[in-house]
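Going by mature numbering (1 follows the signal peptide of the UniProt record, and there is no 0), the letters in the sequence shown line up with residues -17 to -1, 1 to 312, in that order. Quick reminder that beta carbons are idealized off the backbone N, C-alpha and C, glycines included. Predicted, not measured: the structure shown is a model, and the values here were computed from it. For reference, the structure discussed in these notes is given below.
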Amino acid sequence: MSCRLLAISALVAFAHAQGVIVSAVGASGKSLALQVDLANKDANIINADEIAQNVVNECGRTLLGGNIDIGENTEAQLSAKTVTSVTKGSKVAVTIDQGSADGAGPYSCDLDLSSNADGTSGQTKLAVAETDNGDGTTLLSVTLPADMACIGASTGNVCTVRCFNKAAAGPFGGCFAVQQTDVTANQNQPGTIATAQTLEGINAQISQDQADLPTAIGAINSAGSAEKEQGVALVDALLKIDSTAAATVAVDASATATADAAAAASTTATANTGKSGKGHKSKGAAAAAAAAAAAAKQGKGKGKNNINNNNKRAMRWGKRSLIPSVALN
């Protein structure tokens, strides 16, 4: 594993599970968040500015995997049978691991009927009822549209649901696929899929690709052979950030905050067992604990904005996948 990936792994261990979707359950079966690696404490950032810059898809990026290739991940989950079944107007129970204050609600959710074509706009806003379980998890009851007609993926009946909060360090959340059972599946073949782009949009994208090409080639050449390494390098270059440096700052801040918190806890314990000065010492310990918490939060904030993405600018120079979509215009 390269130094870059080691640094990113350290960051993920520190900034893990910020508002991560653990599961989404509809009428039958269970969906998992697209690309999020729950076993290794991953997180999903859905930043509107990054989407608008065409660096990431509408589902954003994960700390461990970079840009989320919606089409590829959806097909993988269909094969693994980790896509929940739904019907028009039904509800989906979504469980979110908060991780920290950055992962708390309120959450908003929306729907891409084509699974992967809406981009910065066009999603259908969904009604959400939110419950904080008090154990570090949040439960969302998401109501799907009464006139829903999913047409995405190779099966022709898949939608993508996207949920996210308003955390400045993120926003955090994730995407998951749902498969509709009460609709006639779309026949998604190359000859039947309408383009999702106008001629003007295509020409603009070509110009952007040409401008990005030297930067992208340089980033790939400087990275290792692993796709994740290349993805991190690509986003670093395109967004002009340094994931490794951000990870180092976050980990250092985390270590300092942990040491301070331990010292504060020790001071509190001493104050509680002493015969005099309890009030004064307890207040001092509380202040130290508050300072440690603030330092920890600051460290987390500095360590978020990194990694890469896919069918957009960042991964156009790497692996591609053919993704069914519909016309937006």
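Counted as a single uninterrupted DSSP element, the beta strand (DSSP E) harbouring Ser68 occupies residues 67 to 69. With a cut-off of 8 Å on Cβ pairs, the segment 61 to 80 is in contact with the segment 123 to 135, counting three or more such pairs. A straight line joining the alpha-carbon of Thr65 with that of Ile34 spans about 26 Å.
Around the Cβ of Leu94, a 10 Å sphere holds 16 or more other Cβ atoms; the residue is buried. Under the 10 Å beta carbon count, Pro154 is surrounded by 16 or more other beta carbons and is classified as buried. When Val141, Asn148, Thr114, Val166 are compared, the shortest CA-CA separation from Ala84 is found for Asn148. Residue Glu41 holds the alpha-carbon nearest to the alpha-carbon of Thr103 among Glu41, Cys146, Leu96. Around the C-beta of Ala187, fewer than 16 other C-beta atoms lie within 10 Å, and the residue is accordingly described as exposed.
The three-state reading of DSSP puts Asp219 in helix, counting H, G and I together.
Annotation: the continuous beta strand (DSSP E) that includes Asp80 extends over 74 to 80. The secondary-structure analysis by DSSP pairs Ala160 across a beta bridge with Thr143. Look at Thr167 here: in three-state DSSP terms it is coil, with no helix or strand label. Taking C-beta separations shorter than 7 Å and ignoring five residues to either side along the sequence, the partners of Thr70 in its chain run Ala10, Gln163, Thr164, Asp165, following chain order. Nearest in C-alpha terms to Asn171, of all of Asn23, Gly54, Val38, Leu15, is Gly54.
Inter-residue distance for Asp195 and Leu221 is about 8 Å (C-alpha atoms, whole angstroms). The three-state reading of DSSP puts Ala150 in coil, since its state is none of H, G, I, E or B.
Here Val19 is not near Thr67, since their CB atoms are 7 Å or more apart. For Ser91, the enclosing beta strand (DSSP E) covers residues 91 to 95. DSSP places Glu55 in the uninterrupted alpha helix (DSSP H) bounded by 53 to 63. Looking at the DSSP output, Thr107 sits in a beta bridge with Leu94.
It is roughly 34 Å from the alpha-carbon of Val38 to the alpha-carbon of Thr167.
In the DSSP assignment, Glu113 forms a beta bridge with Leu123. Counting along the chain, the unbroken beta strand (DSSP E) around Ser6 starts and ends at 3 to 8. Taking the C-beta atoms as reference points, Leu21 is found no nearer than 7 Å to Ile51.
7 Å or more divides the Cβ of Ile28 from the Cβ of Ile79.
Distance from the CA atom of Ser62 to the CA atom of Ala136, rounded to whole angstroms, is 12 Å.
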